[in-house]
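For the protein sequence lines, the chains are G and R, in the order given.
So the first sequence is numbered by this note's numbering: it starts at 1 and just counts up by one.
So the second sequence is numbered by this note's numbering: it starts at 1001 and just counts up by one.
Beta carbons are placed, not taken as given, at the ideal position from N, Cα and C, and that holds for glycine.
Note that the coordinates shown come from a computational prediction; the quantities given were computed from them, not determined experimentally.
Step one of this worksheet: look at the structure below.
There are 2 protein chains.
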Amino acid sequence: MKLTILGCHSATPRINTNPTSQVLEINNHVFLIDCGEGTQVELRRNRVKFNRIKHIFISHLHGDHYFGLIGLISTFRLLTRETELHIYAPKGLKELVTLQMKLANSWTNYMLIFHELNSNESELIFEDEKVEIHTIPLDHRIYTNGFLFKEKVGQRKLDMNAVLNADIDVAYYNKLKQGFDVVNKQEVLIKNKTVTKAPNLPKSYAFCSDTAYNEAIVNIIKGVTVLYHESTFIEKNEKLAAPTKHSTAKQAAQIAKLAEVDTLILGHFSTRYDDLKVFKEEALTIFNSVLLAEAGKVIEF
Amino acid sequence: MKLTILGCHSATPRINTNPTSQVLEINNHVFLIDCGEGTQVELRRNRVKFNRIKHIFISHLHGDHYFGLIGLISTFRLLTRETELHIYAPKGLKELVTLQMKLANSWTNYMLIFHELNSNESELIFEDEKVEIHTIPLDHRIYTNGFLFKEKVGQRKLDMNAVLNADIDVAYYNKLKQGFDVVNKQEVLIKNKTVTKAPNLPKSYAFCSDTAYNEAIVNIIKGVTVLYHESTFIEKNEKLAAPTKHSTAKQAAQIAKLAEVDTLILGHFSTRYDDLKVFKEEALTIFNSVLLAEAGKVIEF
């Protein structure tokens, strides 16, 4: 998986800070997660090919998470896109985008497919052979979902020396990859594990923004490879976090620890902080693998 | 008047080009004209104080002219603005902004006053002691207005030497500025023109974007000091201009010539042109005072 941070600040776009947007690449998919104002320019700056984006995930309908979406939809049209585009977002967005297109008398040439979300339970919203995506219900001022991106367990890998020694016909290789025992050319049963190796461990990525501290998500994100958890504030300003239903760096680290993730990425920083080091220092007191999100940063895992 | 160009390209925001937005300062007013995506960042870059903007004029509801507006409205709220904000825009924008606020459950603390436009005739939409603003109906694919900003003729100026020599009481100075004849302390009638000078010539600015070539606007903008007229294309690509209801640089210059304006500013350039010099060269063949719009450019007149 390859994660590119396009923007990781809260509230308002500024000269040197962009609102939330990320690109996650998994198995040839290019998933766009949130789309604050200016995202299309950040996509260009980070050389993400517009046509490869076929799925956009919007956590919630606060402006710093989606005000760049209608512009992106419109730009796709101007670039004569034909590829269909799926948008996963809270209910209401379809009405809004439709109204904007109606007022402009400008309709997309490509299929624009809305998957409107309104469940308070975690749902499977996308699945193919290699990837599945689930919502993560979050606790924010309006209806909000995080998103869990999981690689499926892959096929077993052939141990070619062992396979050739066992004299197995090529026709059985797919069965072997699927984990079955097979017979060799002499009709002798060959145990799968003697000629194959375990598949790569599937990776997973959980995006959780925006949310108050919420232990209910721990079961959903348990053991993920990388967790992005918002930390709008530091502990010193916890009194701002609670009423706005945001988290502190410490709370994000507590969730990472409870969920036993490999690595925590902090983001959605309030623009009140000039130096973001304090976020990392605070989280490191609770959890030992912490990265700070930063526009243009690429994280491969 | 002081005009600051924030963005002057058509269609989509890119790394080095911004969609349409301008700031016009007249007599302590700071008028924002159009508001493409990214405008709030350009306002910051050009150090325009957010709180001084009390009137926003939106020409039409194509995205490159207003997709930055909802973000700006939202940022004003986050900055705890209390000053009222007037928005002059085609009918439909109020419904859209209201829906966006409803979906975010975020309402402005300040008064947000929509002046929805739907007339096809030029209308007076703003007036105070020193300034008046009229719409300029344009010919585009959807309902579109340009805006004409006119200083009113100011008061006559006292020729203080002449006033003192004529022995006129201070109580009459305002009457003199208003152009009346007055009596002096000896009850002798003093002709106004013998003790006052003509007021400064009022300046005017016409913003015309987006529009096909349209001579119907000439009467409205006759003799303005500065005309901003869109020139999305050059003459070589006129076949693109007509169906999209845009203008070429040559057509913009023809309008400037017919309207006998002092200076023409070209803008709303298609991003297909790397070098904008051709726009100026083309317009100069028709009209002799031509400027190219450019993000960050300040034009005082």
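If you draw a straight line from the alpha carbon of R/LEU1227 to that of R/VAL1041, how long is it in whole angstroms?
Taking the second sequence and counting its residues from 1, one reaches residue 1227 of chain R at position 227. Taking the second sequence and counting its residues from 1, one reaches residue 1041 of chain R at position 41. Here the alpha carbons of R/VAL1041 and R/LEU1227 stand approximately 26 Å from one another.
Compile a chain-ordered list of the residues in the region 1037-1059 of chain R whose CB is closer than 7 Å to at least one CB of chain G.
Within the region 1037-1059 of chain R, the residues whose Cβ lies closer than 7 Å to some Cβ of chain G are GLU1037, GLY1038, GLN1040, VAL1041, ARG1044, ARG1045, listed in chain order.
Helix, strand or coil at G/ASP34 according to DSSP, with G and I counted as helix
Sequence index remark: in the first sequence, residue 34 of chain G carries index 34 (1-based). In this structure, G/ASP34 counts as strand in the three-state DSSP scheme.
Do you know whose CA, among R/SER1289, R/HIS1115, R/ALA1011, R/VAL1224, lies nearest R/LYS1150's CA?
On the second sequence, position 150 is the one that residue 1150 of chain R refers to. Nearest of R/SER1289, R/HIS1115, R/ALA1011, R/VAL1224 to R/LYS1150, Cα basis: R/VAL1224.
For R/ASN1007, would you say it is in contact with chain G, using Cβ-to-Cβ distances shorter than 7 Å as the test?
By 1-based counting over the second sequence, the position of residue 1007 of chain R is 7. It should be pointed out that residue 1007 of chain R corresponds to Gly in this sequence rather than to Asn. So no, R/GLY1007 is outside the interface.
Contact test: G/GLU151 Cβ vs the ligand ADP heavy atom, cutoff 6 Å:
Of the ligands one can find in the structure shown there are none, so the ligand ADP has no counterpart to examine.
Where the region 133-163 of chain G meets chain R: residues whose CB sits under 7 Å from a CB there:
If you check each beta-carbon in the region 133-163 of chain G against every beta-carbon of chain R, the ones closer than 7 Å belong to ARG141, ILE142.
Let me know the secondary structure DSSP gives R/VAL1224 once reduced to three states.
Locating residue 1224 of chain R in the second sequence gives position 224, where the first residue counts as 1. R/VAL1224: coil per DSSP, three-state reduction.
Would R/GLY1092 pass as an interface residue toward chain G - the criterion being a Cβ-Cβ separation below 7 Å?
Here residue 1092 of chain R refers to the residue found at position 92 of the second sequence. Interface annotation, R/GLY1092: in contact with chain G, CB-CB separation under 7 Å.
So, does the CB of G/ILE15 fall closer than 7 Å to a CB anywhere in chain R?
Counting from one through the first sequence, the residue named residue 15 of chain G turns up at place 15. It does; some Cβ of chain R falls within 7 Å.
Can we say the region 1189-1199 of chain R touches the region 1235-1243 of chain R, given the rule of at least three CB pairs closer than 8 Å?
In short, these stretches do not touch, since the Cβ pair count stays below three.
For R/THR1285, count neighbouring Cβ atoms within 10 angstroms of its own Cβ and tell me buried if that reaches 16, exposed if not.
For this step, residue 1285 of chain R is matched to residue 285 along the second sequence. That one is exposed.
May I have the straight-line CA-CA distance separating G/ASP139 from G/ILE217, to the nearest angstrom?
Translated into the one-based positions of the first sequence, residue 139 of chain G becomes position 139. Translated into the one-based positions of the first sequence, residue 217 of chain G becomes position 217. Approximately 9 Å, taken between the alpha carbons.
Check whether the Cβ of R/HIS1062 lies closer than 7 Å to any Cβ atom in chain G.
Your numbering for residue 1062 of chain R matches position 62 in the second sequence. Taking a beta-carbon distance threshold of 7 Å, R/HIS1062 counts as an interface residue toward chain G.
Tell me G/GLN22's beta-bridge partners as DSSP assigns them.
As a working mapping, residue 22 of chain G is identified with position 22 in the first sequence. G/ILE5, G/ILE33, per the DSSP bridge assignment.
For R/ASN1105 and G/ALA11, the rounded distance between their alpha carbons:
In the first sequence, counting from the first residue as 1, residue 11 of chain G sits at position 11. In the second sequence, counting from the first residue as 1, residue 1105 of chain R sits at position 105. Taken atom to atom, the span from the alpha-carbon of G/ALA11 to that of R/ASN1105 is near 15 Å.
What are the residues of the region 1100-1119 of chain R that lie near chain C, defined by any Cβ-Cβ distance shorter than 9 Å?
Among the chains of the structure shown, chain C does not appear; the protein chains present are G and R.
7 Å is my cut-off, CB to CB: does R/GLY1223 come that close to chain G?
Mapped onto the second sequence, residue 1223 of chain R falls at position 223. Taking Cβ atoms only, chain G never reaches closer than 7 Å to R/GLY1223, which makes this a no.
Express the C-alpha separation of R/ALA1283 and G/LEU264 in angstroms, rounding to a whole number.
Along the first sequence, read from residue 1 onward, the residue named residue 264 of chain G stands at position 264. Along the second sequence, read from residue 1 onward, the residue named residue 1283 of chain R stands at position 283. CA-CA distance, G/LEU264 to R/ALA1283, rounds to 57 Å.
Compare the C-alpha of G/ASP274 against each of G/ILE234, G/GLY296, G/LEU72 and name the closest.
Mapped onto the first sequence, residue 274 of chain G falls at position 274. Checked all of G/ILE234, G/GLY296, G/LEU72; the closest Cα to G/ASP274 is G/ILE234.
For R/LEU1189 and R/VAL1183, I'd like the C-alpha separation in whole angstroms.
Within the second sequence, numbered from 1, the residue matching residue 1189 of chain R stands at position 189. Within the second sequence, numbered from 1, the residue matching residue 1183 of chain R stands at position 183. The straight-line gap from Cα to Cα measures roughly 4 Å.
Tell me where the beta strand (DSSP E) around R/GLU1132 begins and ends.
Here residue 1132 of chain R refers to the residue found at position 132 when the second sequence is read from its first residue. R/GLU1132 -> beta strand (DSSP E) spans 1131-1137.
Give a yes or no on whether the minimum CB-CB distance between R/GLY1296 and chain G is below 7 Å.
As a first step, residue 1296 of chain R is located in the second sequence; it is residue number 296 there, counting from the start. It does not; no Cβ of chain G falls within 7 Å.
Sequence ranges, beta strand (DSSP E) only - wholly within the region 1034-1120 of chain R, length at least 3:
Complete beta strand (DSSP E) runs here, min 3: 1053-1057, 1085-1090, 1112-1117.
What span of residues does the beta strand (DSSP E) with R/ALA1206 cover, start to end?
What you label residue 1206 of chain R is simply residue 206 of the second sequence in a count that begins at 1. Looking at the DSSP string, the run of the beta strand (DSSP E) that includes R/ALA1206 is 1204-1208.
Buried or exposed by the 16-neighbour rule on C-beta atoms within 10 Å, applied to G/VAL163:
Reading the first sequence from its first residue, position 163 is the one you call residue 163 of chain G. Buried, since its Cβ has 16 or more Cβ neighbours within 10 Å.
Which residues bound the beta strand (DSSP E) around G/GLU300?
As a working mapping, residue 300 of chain G is identified with position 300 in the first sequence. Start and end: 298-300.
Closest by C-alpha distance to G/LEU124, when choosing among G/GLY146, G/GLY267, G/ASN174:
Stepping through the first sequence from its first residue, residue 124 of chain G is reached at position 124. Each of G/GLY146, G/GLY267, G/ASN174 was checked against the Cα of G/LEU124, and the nearest Cα belongs to G/GLY146.
Excluding the 5 residues preceding and the 5 following R/LYS1245 in the sequence, name in chain order all residues of the same chain whose CB lies nearer than 8 Å to its CB.
Stepping through the second sequence from its first residue, residue 1245 of chain R is reached at position 245. Contacts found: ASP1139, HIS1140, ARG1141, ASP1210, THR1211, ALA1212.
If contact is defined by three or more beta carbon pairs under 8 Å, each pair taking one atom from either stretch, is the region 90-105 of chain G in contact with the region 59-71 of chain G?
Between the region 59-71 of chain G and the region 90-105 of chain G there are three or more C-beta pairs closer than 8 Å, enough to call the two in contact.
So what does DSSP say about R/ASN1192, is it helix, strand or coil?
Counting from 1 along the second sequence, the entry for residue 1192 of chain R is found at position 192. The answer is helix: DSSP assigns R/ASN1192 an H, G or I state.
Simplified DSSP assignment, three categories, for G/VAL182:
In the first sequence, counting from the first residue as 1, residue 182 of chain G sits at position 182. Strand.
With a threshold of 7 Å between beta carbons, is G/PHE76 in contact with chain R?
By 1-based counting over the first sequence, the position of residue 76 of chain G is 76. So no, G/PHE76 is outside the interface.
Residues bridged to G/LYS150 (per DSSP):
By 1-based counting over the first sequence, the position of residue 150 of chain G is 150. DSSP lists G/GLU132, G/SER204 as the bridge partner or partners of G/LYS150.
Is the beta carbon of R/PHE1269 sitting closer than 7 Å to the one on R/HIS1029?
The count along the second sequence starts at 1 and reaches residue 1269 of chain R at position 269. The count along the second sequence starts at 1 and reaches residue 1029 of chain R at position 29. R/PHE1269 places its beta carbon 7 Å or farther from that of R/HIS1029.
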